[in-house]
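Chemist: Here's a structure for you.
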Amino acid sequence: MFENLSQNINQALRTLKGKGRITDVNVAATLKEVRKALLDADVNFKVAKSVTDTIKEKALGQKILIAVEPGQMLVKIVSDELTELMGGQKVDINTKGDPAVVLMSGLQGSGKTTFSGKLALYLKKQGRNVLLTACDVYRPAAIDQLKVLGEQIGVDVYAEPENKNPVQIAQNAIKHAKATGKKIVIVDTAGRLAVDEEMMREIEAVKKAIQPTETLFVVDSMTGQDAVNTAKAFNDRINFDGVVLTKLDGDTRGGAALSIKAVVDKPIKFIGTSEKMDGIDVFYPDRMASRILGMGDVISLVERAQQAYDEEEARRISKQIRKNQFNFDDFLSQLQQIKKMGPVKDLVGMIPGMGNMLKDVQIDDDAFKPIEAIIQSMTPKERANPELLDASRRKRISTGSGRSIQEVNNLMKQFDQMKKMMKMMNQMDMRSMAKQVRK
Ligand code: GDP
Numbered sequence: 106m107f108e109n110l111s112q113n114i115n116q117a118l119r120t121l122k123g124k125g126r127i128t129d130v131n132v133a134a135t136l137k138e139v140r141k142a143l144l145d146a147d148v149n150f151k152v153a154k155s156v157t158d159t160i161k162e163k164a165l166g167q168k169i170l171i172a173v174e175p176g177q178m179l180v181k182i183v184s185d186e187l188t189e190l191m192g193g194q195k196v197d198i199n200t201k202g203d204p205a206v207v208l209m210s211g212l213q214g215s216g217k218t219t220f221s222g223k224l225a226l227y228l229k230k231q232g233r234n235v236l237l238t239a240c241d242v243y244r245p246a247a248i249d250q251l252k253v254l255g256e257q258i259g260v261d262v263y264a265e266p267e268n269k270n271p272v273q274i275a276q277n278a279i280k281h282a283k284a285t286g287k288k289i290v291i292v293d294t295a296g297r298l299a300v301d302e303e304m305m306r307e308i309e310a311v312k313k314a315i316q317p318t319e320t321l322f323v324v325d326s327m328t329g330q331d332a333v334n335t336a337k338a339f340n341d342r343i344n345f346d347g348v349v350l351t352k353l354d355g356d357t358r359g360g361a362a363l364s365i366k367a368v369v370d371k372p373i374k375f376i377g378t379s380e381k382m383d384g385i386d387v388f389y390p391d392r393m394a395s396r397i398l399g400m401g402d403v404i405s406l407v408e409r410a411q412q413a414y415d416e417e418e419a420r421r422i423s424k425q426i427r428k429n430q431f432n433f434d435d436f437l438s439q440l441q442q443i444k445k446m447g448p449v450k451d452l453v454g455m456i457p458g459m460g461n462m463l464k465d466v467q468i469d470d471d472a473f474k475p476i477e478a479i480i481q482s483m484t485p486k487e488r489a490n491p492e493l494l495d496a497s498r499r500k501r502i503s504t505g506s507g508r509s510i511q512e513v514n515n516l517m518k519q520f521d522q523m524k525k526m527m528k529m530m531n532q533m534d535m536r537s538m539a540k541q542v543r544k
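With our numbering applied, the sequence shown has no gaps in its numbers, which climb one by one up to 544 at the end.
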């Protein structure tokens, strides 16, 4: 996501590199480029102008710090400004109440139903007792879709397929939740392909009747400026509490993320990052800003790793590495852990510098398949003792896995190099390594 924007902004900031200090002249040229990058990313033009004006003011007002290059200083100012633009602080959803009621709004296709499922699973993982409610009375398929999701994530779904009154269904769902001890009711409503009066009246009526603790507006980030206009239309009518930006895993230009807060003055609370039920992230403005600037998003990466990583297994493997006994079983286990963390392309984008560097490289998760096939064709004894793998064993593995002998040999070579590197890292003073990283 945001590949073009981050590339263009980086390009603009690079022109300041090596300049002794920030002056009216050089900062103006750079900021013109930054503004262009924002407009290219479909950021609302008023927003883009006001951001670059603020950046300029701050940049010129800065004392010149000898230790910091002007380019770096400007990156920091831009990053702070983008963070502010997206709301500054993360804002949590309100789930207090007995039961708490979360109302979903948004156009058809925005990802409302999918997100309802994701949010239910997210809250369930926190130990909350959740009820999903299907209030789309126009599309029977929408009810089925929610039921399928509910089954998949183990959350009950309340529906009344014969009832055509969404207000009643929502009210009944809340009664049902009270009777069955559910603590959070998520109400998925009907959308339309475009903003229309009937839909607005309906969602307004539902909101008025059930007085939700939290009303979320779900919007597809790929729709750029339209996303901002739709947000405005919904907010004017139902005064929602927060925004959910979906499909940020796609080829979005980022304009919606950057303009929505400024235009409707409501925080983005969550983002959707895949079609799957675990593709939900809390929205952190500072992390998003650093991602946009291609500085990576190390914090999210670490958090995702913490969630997916089996710590005991990680400890065991790091012991193996320290003893220089890393083998193919460990290798396979590492691969599987990485895969659990989500699509590889997402992960790479979170590493500082990598997102830009690898933007044209196709990375897909199938890349691991040949490697897995080869390792899985080894006997347990071979996996534990890679030195056993002579030419005839390699040939057998090649036939068994359906991969060429070159691929098998390549994997052996890579594995050897990896082991060598691990050995070197073991010997390196960790403190001097940390110093390198900081430079
Ligand atoms: P609704 O009409 O608003 O309920 O939208 P749906 O939940 O049915 O979603 C519409 C389409 O968008 C479906 O194909 C979803 O799988 C897809 N979708 C929803 N959220 C995301 C997301 O975060 N990323 C991606 N790539 N697809 C999504």
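By construction, the Cβ of each residue, glycine as well, lies at the ideal position given by its N, Cα and C atoms. The structure displayed is predicted, hence computed values, not measured ones.
List, from N- to C-terminal side, the alpha helix (DSSP H) runs of 4 residues or more that fit wholly inside the segment 203 to 263.
Modeler: 217 to 230 and 245 to 258, all fully within the segment 203 to 263.
Chemist: Excluding the 5 residues flanking THR320 on each side, which residues of the same chain have their C-beta closer than 7 Å to its C-beta?
Modeler: Result list for THR320: LEU208, SER210, LYS312, ILE343, PHE345 and ASP346, in chain order.
Chemist: Check the DSSP bridge columns for PHE375 and list the partner residues they point to.
Modeler: According to DSSP, PHE375 bridges with VAL349 and VAL387.
Chemist: Hey, would you say PHE520 sits closer than 7 Å to ILE480, going by beta carbons?
Modeler: Cβ atoms of PHE520 and ILE480: not closer than 7 Å.
Chemist: Return the CA-CA distance between SER497 and GLN430, expressed in angstroms with no decimal places.
Modeler: Between SER497 and GLN430, the C-alpha separation is close to 23 Å.
Chemist: How should PRO266 be labelled, buried or exposed, when 16 other C-beta atoms within 10 angstroms of its C-beta is the threshold for buried?
Modeler: Exposed: under 16 other Cβ atoms inside 10 Å.
Chemist: Buried or exposed: where does LEU493 fall if 16 or more other Cβ atoms within 10 Å of its Cβ makes it buried?
Modeler: Its Cβ having fewer than 16 others within 10 Å, LEU493 is exposed.
Chemist: So the alpha helix (DSSP H) VAL196 belongs to, where does it begin and stop?
Modeler: No alpha helix (DSSP H) holds VAL196; DSSP gives it neither H nor E.
Chemist: CA-CA distance, ALA489 and MET446?
Modeler: Going by the C-alpha atoms only, they are around 25 Å apart.
Chemist: Based on DSSP bridge pairs, tell me the residues matched to PHE322.
Modeler: Bridge partners of PHE322: SER210 and VAL348.
Chemist: Give the DSSP-derived three-state secondary structure of VAL300 in the structure shown.
Modeler: It is coil, neither helix nor strand.
Chemist: I'd like the span of the alpha helix (DSSP H) that includes ASP331, first residue to last.
Modeler: 330 to 343 is the span of the alpha helix (DSSP H), which, as asked, contains ASP331.
Chemist: Can you name, in chain order, every residue of its own chain whose Cβ lies under 8 Å from the Cβ of VAL242, other than the five neighbours on each side?
Modeler: ASN268, LYS269, ASN270, PRO271, ILE274 and ALA295, listed in sequence order.
Chemist: Identify every residue that forms a DSSP beta bridge with VAL292.
Modeler: Beta-bridge pairing links VAL292 to LEU208 and THR238.
Chemist: Would the segment 177 to 185 and the segment 325 to 332 be scored as touching if the rule is three or more Cβ pairs under 8 Å?
Modeler: As far as the Cβ criterion goes, the segment 177 to 185 does not touch the segment 325 to 332, which means the pair count is below three.
Chemist: Beta carbon of THR128: closer than 6 Å to some heavy atom of the ligand GDP?
Modeler: No - the ligand GDP has no heavy atom lying nearer than 6 Å to the Cβ of THR128.
Chemist: Figure out for me which residue from MET527, ARG306 and ALA205 has the closest Cα to the Cα of ARG427.
Modeler: When only C-alpha atoms are compared, the closest one is MET527.
Chemist: Tell me where the alpha helix (DSSP H) around SER438 begins and ends.
Modeler: It spans 433 to 445 - the alpha helix (DSSP H) in which SER438 sits, taken as one unbroken run.
Chemist: For the alpha helix (DSSP H) holding PRO266, just list the boundary residues, first then last.
Modeler: No alpha helix (DSSP H) contains PRO266, which DSSP labels as neither H nor E.
Chemist: Rounded to whole angstroms, what is the Cα-Cα separation between ALA264 and VAL206?
Modeler: Distance between the alpha carbons of ALA264 and VAL206 is about 16 Å.
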